[in-house]
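Novice: The structure's right below; bear with me while I get my questions together.
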Amino acid sequence: MVLIYSPERFQIGEVELRDLNRESEEFKFKIQVVYNKQVWNNYLDHYSISSKSHGEVFVFHGTSLNDPSLICNEGLRVEKTKSGLYFAANASTSNGFTHRVGPVYQIFMCRVFVPSSQLKDSLHVIKNNNCHYPQYLISYLSRYG
Numbered sequence: 186m187v188l189i190y191s192p193e194r195f196q197i198g199e200v201e202l203r204d205l206n207r208e209s210e211e212f213k214f215k216i217q218v219v220y221n222k223q224v225w226n227n228y229l230d231h232y233s234i235s236s237k238s239h240g241e242v243f244v245f246h247g248t249s250l251n252d253p254s255l256i257c258n259e260g261l262r263v264e265k266t267k268s269g270l271y272f273a274a275n276a277s278t279s280n281g282f283t284h285r286v287g288p289v290y291q292i293f294m295c296r297v298f299v300p301s302s303q304l305k306d307s308l309h310v311i312k313n314n315n316c317h318y319p320q321y322l323i324s325y326l327s328r329y330g
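When we follow my numbering, the leftmost residue of the sequence shown carries the number 186, and every step to the right adds one.
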């Protein structure tokens, strides 16, 4: 089942990060929702075309070389990679590819359309700019760092 956000959610601004939880004094993690109207509309357009042959998964994407604010503003861009964008079903797989600011690590949880036959795969390589959306930015302290 796909949850579709209404356009009214974007009236606050074209691109926005909104906190889902407050940082505690003992910071462990923070989750922010990414709102980018243009990237979201591109994703919805792709959904309307491919929803019969594809399914949606929520997967993780590390951004070791890119500041997450660039991705929030532009979306994930396939042309900036050599072999496509990698998305993992498990956050621990993306932990080695996180963006790091001091002790804080950052990864995205993304919505991705994949062929129905690949819904249960643990790793997805995507070569299309419009079949993924960086839904959440997760900041955390890694116990492995």
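Glycine included, C-beta positions come from ideal geometry on N, C-alpha and C.
1) Can you find the residues in the same chain that come closer than 8 Å, C-beta to C-beta, to glutamate 238, ignoring five residues on each side of it along the sequence?
2) Out of His231, Phe272, Phe214, Ser233, which has the shortest C-alpha to C-alpha gap to lysine 305?
3) So which of Pro319, Tyr325, Leu326 has the shortest CA-CA distance to glutamate 259?
4) Ignore the nearest five residues each way along the sequence and tell me which others in threonine 283's own chain have a CB closer than 8 Å to its CB.
5) What did DSSP end up calling glutamine 320 once you bin it into helix, strand or coil?
6) Output the boundary residues of the beta strand (DSSP E) element that contains glutamate 241.
7) Do tyrosine 228 and arginine 296 have their C-beta atoms within less than 8 Å of each other?
8) Can you give the Cα-Cα distance for glutamine 303 and glycine 269, rounded to whole angstroms?
9) Hey, could you find the ends of the alpha helix (DSSP H) proline 253 is sitting in?
Specialist: So, to answer that:
1) It should be pointed out that residue 238 corresponds to serine in this sequence rather than to glutamate. The beta carbon of serine 238 lies closer than 8 Å to those of Pro300, Ser301 in the same chain, with the five residues before and after it left out.
2) Residue nearest to lysine 305 within the set His231, Phe272, Phe214, Ser233 is Phe272 (criterion: CA-CA distance).
3) The shortest Cα separation from glutamate 259 among Pro319, Tyr325, Leu326 belongs to Pro319.
4) Once the five neighbours on either side are set aside, the close Cβ partners of threonine 283 are Gly247, Thr248, Ser249, Tyr290, Gln291, Ile292, Ser327.
5) If DSSP states are grouped into helix, strand and coil, glutamine 320 belongs with the strands.
6) First-last of the beta strand (DSSP E) with glutamate 241: 239-247.
7) Going by C-beta atoms, tyrosine 228 is nearer than 8 Å to arginine 296.
8) Computed Cα separation, rounded: 16 Å.
9) Run containing proline 253: 253-259, per the alpha helix (DSSP H) assignment.
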